[in-house]
Amino acid sequence: MKETAFINQNKKKWAKFERMSNQNQSDPDELSDLFIEITDDLAYARTHYSKRSVRVYLNSLAQKSFHGIYKKKRTPFSVFFQFWTTSLPLEMYRIRKALLASFIVFGVGMLIGIVSTMDDPDFLGAVIGYEYVDMTEQNIVNGEPMSVYGSGGEMYSFISIAQNNLRVTLMAFVLGIFFSVGSAIYMFFNGIMVGAFQWFFKVRGLLLTSFLTIWVHGAFEISGIVIAGAAGIALGNGFMFPGTLTRMQSLSIAAKRGMKVIIGLFPVILFAAFIEGFASRHTEWPNLIKGGIIFLSFIIMVFYFVIYPYIIAKKYSFSGKVSEKPTFAEKKNFELYRVRDVGGVFTDTFVFYRKFFTSFSKVYWIIFPLAIASVTWFFYTYPFGRTINNWYENMSIAFGIGKGTFRWETFSVLTFLFSLNVTSAFFAFTLAKEGEKPNNFTKDFFAYTLKNIWRVMPIIGGLLLLVQVNIWLVFLAGFIMPLVLSLSFPGAFENRKLFTGIGRGLSIGKRGWASGIGVFFVFLFILGLIFFFAIGPFQSLIKMVLDWFLISTTDDYFLIINIVEACLYMLIAHFLVPIFFIAFNVLYLSTVEKEEAYGLFEKLKAFGKGSKIYESEDEGDF
Numbered sequence: 000m001k002e003t004a005f006i007n008q009n010k011k012k013w014a015k016f017e018r019m020s021n022q023n024q025s026d027p028d029e030l031s032d033l034f035i036e037i038t039d040d041l042a043y044a045r046t047h048y049s050k051r052s053v054r055v056y057l058n059s060l061a062q063k064s065f066h067g068i069y070k071k072k073r074t075p076f077s078v079f080f081q082f083w084t085t086s087l088p089l090e091m092y093r094i095r096k097a098l099l100a101s102f103i104v105f106g107v108g109m110l111i112g113i114v115s116t117m118d119d120p121d122f123l124g125a126v127i128g129y130e131y132v133d134m135t136e137q138n139i140v141n142g143e144p145m146s147v148y149g150s151g152g153e154m155y156s157f158i159s160i161a162q163n164n165l166r167v168t169l170m171a172f173v174l175g176i177f178f179s180v181g182s183a184i185y186m187f188f189n190g191i192m193v194g195a196f197q198w199f200f201k202v203r204g205l206l207l208t209s210f211l212t213i214w215v216h217g218a219f220e221i222s223g224i225v226i227a228g229a230a231g232i233a234l235g236n237g238f239m240f241p242g243t244l245t246r247m248q249s250l251s252i253a254a255k256r257g258m259k260v261i262i263g264l265f266p267v268i269l270f271a272a273f274i275e276g277f278a279s280r281h282t283e284w285p286n287l288i289k290g291g292i293i294f295l296s297f298i299i300m301v302f303y304f305v306i307y308p309y310i311i312a313k314k315y316s317f318s319g320k321v322s323e324k325p326t327f328a329e330k331k332n333f334e335l336y337r338v339r340d341v342g343g344v345f346t347d348t349f350v351f352y353r354k355f356f357t358s359f360s361k362v363y364w365i366i367f368p369l370a371i372a373s374v375t376w377f378f379y380t381y382p383f384g385r386t387i388n389n390w391y392e393n394m395s396i397a398f399g400i401g402k403g404t405f406r407w408e409t410f411s412v413l414t415f416l417f418s419l420n421v422t423s424a425f426f427a428f429t430l431a432k433e434g435e436k437p438n439n440f441t442k443d444f445f446a447y448t449l450k451n452i453w454r455v456m457p458i459i460g461g462l463l464l465l466v467q468v469n470i471w472l473v474f475l476a477g478f479i480m481p482l483v484l485s486l487s488f489p490g491a492f493e494n495r496k497l498f499t500g501i502g503r504g505l506s507i508g509k510r511g512w513a514s515g516i517g518v519f520f521v522f523l524f525i526l527g528l529i530f531f532f533a534i535g536p537f538q539s540l541i542k543m544v545l546d547w548f549l550i551s552t553t554d555d556y557f558l559i560i561n562i563v564e565a566c567l568y569m570l571i572a573h574f575l576v577p578i579f580f581i582a583f584n585v586l587y588l589s590t591v592e593k594e595e596a597y598g599l600f601e602k603l604k605a606f607g608k609g610s611k612i613y614e615s616e617d618e619g620d621f
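Under numbering that gives the first Met the number 0, the very last position in the sequence shown is 621; numbers go up by exactly one each time.
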């Protein structure tokens, strides 16, 4: 890069840093981040402009600021103290508009819940479940309307409530990834439930009793959920409005900042669970005491999360704008033949997945409609399709292992669809090897598929049969997976005949067996977390919407819920399964390079070619 271009690109950042370093009241986190960028610029200037004034300027700027930032490095206690006194309040100021939006959406939901319950007395049952409503009605008849809060042991109640509240808080945040609307809808439905529940007691003359019991803990709990919803809305905004950053860079920054808010809410949510588990059960307490607790709780929440952030922002002249950029923003290239450890296989797998996703995912236009149609048909014809199923039962039925029943049609369809998916990932490796886009992608892909899908189908079919016997056998089979998952790729990638390719896969797989075990269990753990936890918020959101429209309008409620849930699992599986095979393909290529140095020999063949052109092009331009 030319010196003038380097200066023009960074001069605003340098000026900002110089201005902030001269101020006593500056955001320490932002100042520290800027200092790291300044030192990076200094290192670059020392390499490329060692005798220029820009190097001298940056050296002076860094030296002047070093003492203030690092010689007075904060102790762990001061860092902890600074988080609660400065960092978290500044983040709350940053998301103040999102907080207002979350509060308004929740409030509108409450009003709709009240109006809907006034219009339809059975509305609450449709929202939170008729069993809970019936239990509450019975408690009212028994003269103990709030007895549900006194059931169970205090410590057990605290732990279970804390777990549930933390889950709800995380869901309110994570759902924001769906263009901010996910968090907004979640706030809306939670507001509906609260409003309907309160009016339910109002009609029975128990509004004050319910309010003083519920909001003793609800002041902290519900306020915390609304704040988490605001963090989720801000997360979605970071994804939708990246500004000058890339979309992934902006999302990464928004996620990190949102997690600060969520971490700050953990003590609030835990304290709310403590109050609900140990205090809300004491319905005999005087109303004055309960009212005082509610009032004080709201005062604390409003002051710390709304008023105090404005005070701190004014103190530090904080605008709230996102000014940082990630240090490591460059795109990573994928190299076929390279020696990798387990960490390298993990990294390159996702580099490959991201780089070639648009290529191998084109087949999803065929797979997804067939998968949805197949799952729908399975449930319509399955005896348990219309029953109340948990997530595991629905997943088992969708994947043909439901309740001990083996179905050949399910097995055949799934084997074909997943084999087609994996073959498309193999095709992407062929594209990476050739380094050129095909002249006719559709024609070339289907020619490749017809030639190679039969290599994959026995492996997919064998794995499905293994799961049919017992799903936990997958964990035991992890020790032979480095051999099994290497059987089909060599033939397809290196255009080998059937048995030659299998022999090649066994030979290479045996040499990389130890690493393969590590790769398998690392990816099994990661994908398990994605499958069972990351989709949880999305699943809950879908169920919420379906409950709203279906629970009182159709007799096939459970069938529809089961189908939608199972289709979700099936689609997510088609996104995740190729990752396993890509990982072992990357491991295969790494083992080949380690044993045969194929990539090294190719580089040696090209050594020295075009060196004059390379030197002339790069001379004097950094």
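Each residue gets a CB set at the ideal place from its N, CA and C atoms; glycine is no exception. The structure presented is a predicted model; accordingly, all values stated were derived computationally and were not measured.
Residue environment analysis places Arg18 among the exposed positions, since fewer than 16 neighbouring C-beta atoms fall within 10 angstroms of its C-beta. Excluding sequence positions up to five before and after Val412, its CB lies within less than 7 Å of the CB of Ser373, all in the same chain and listed in chain order.
Cα atoms of Thr448 and Thr441: separation of roughly 10 Å, rounded to the nearest angstrom.
Ranking Gln81, Gly257 and Leu211 by CA distance to the CA of Met170 puts Gly257 first. CA-CA distance, Ser156 to Asp39, rounds to 52 Å. For the pair Phe5 and Tyr48, the CB atoms are nearer than the 9 Å cut-off. Assigned with DSSP and collapsed to three states, Tyr315 falls in coil, not helix or strand.
By the C-beta criterion, the region 405 to 424 is judged to be in contact with the region 354 to 362, since at least 3 inter-stretch pairs fall below 8 Å. Look at the beta carbons and you see the region 196 to 215 touching the region 283 to 292: at least three pairs across the two are nearer than 8 Å. Rounded to whole angstroms, the gap between the alpha carbons of Ile366 and Gly142 is 57 Å.
Arg353 counts as exposed, since fewer than 16 other beta carbons sit within 10 angstroms of its beta carbon. Inclusion of Ala227 and Phe172 in the CB contact set at 9 Å is warranted, their separation being smaller than that value.
In this structure, Phe270 places its C-beta atom within 9 Å of the C-beta atom of Phe219. Tyr309 has its alpha-carbon roughly 39 Å from the corresponding atom of Val55. Distance from the Cα of Phe178 is smallest, within the candidate group Asn561, Gln137, Phe196 and Ala229, for Ala229. With fewer than 16 other CB atoms across the displayed protein chains lying within 10 angstroms of its CB, Arg246 is exposed. Assigned with DSSP and collapsed to three states, Asp40 falls in helix. Counting the other CB atoms within 10 Å of its CB gives Met569 a total of 16 or more, which places it among the buried residues. Of all alpha-carbon atoms in Leu264, Ile501, Glu408 and Gly434, the one lying nearest the alpha-carbon of Gly460 is that of Glu408. Here the alpha carbons of Thr348 and Pro241 stand approximately 26 Å from one another. Buried is the label assigned to Gly276, since at least 16 other Cβ atoms lie within 10 Å of its Cβ.
Residue environment for Pro88: buried (at least 16 other C-beta atoms within 10 angstroms of its C-beta). As the crow flies, the alpha-carbon of Ser589 is around 16 Å from that of Leu486. Non-local beta-carbon contacts of Leu98 in its own chain, meaning distances under 6 Å to residues more than five positions away in sequence, involve Ala229 in chain order. In the same chain as Tyr185, and ignoring 5 residues on each side of it, the C-beta atoms closer than 7 Å to its own belong to Met170, Ala171, Leu174, Gly228 and Leu540, in chain order. Inclusion of Ile232 and Thr168 in the CB contact set at 9 Å is not warranted, their separation being larger than that value. By the Cβ-count criterion, Thr380 is exposed, with fewer than 16 other Cβ atoms from all chains shown falling within 10 Å of its own Cβ. The C-alpha of Asn189 is placed about 15 Å away from the C-alpha of Val114.
Counting along the chain, Ser373 sits inside the alpha helix (DSSP H) bounded by residues Tyr363 to Thr380. Remark: C-beta atoms of Gly124 and Val193 do not approach each other more closely than 9 Å. Distance between Leu482 and Ser418, taken at the CA atoms: about 18 Å. Cβ neighbours of Phe444 within its own chain (closer than 6 Å, five residues either side excluded): Phe426. Check the Cα spacing between Leu475 and each of Ile516, Arg495 and Gly235: the tightest is with Ile516.
The continuous alpha helix (DSSP H) containing Ala253 extends over residues Arg246 to Phe277. If you draw a straight line from the Cα of Gln162 to the Cα of Ile127, it comes to about 19 Å. Proximity to Val518 across Thr499, Ile581 and His573 peaks at Ile581, based on C-alpha coordinates.
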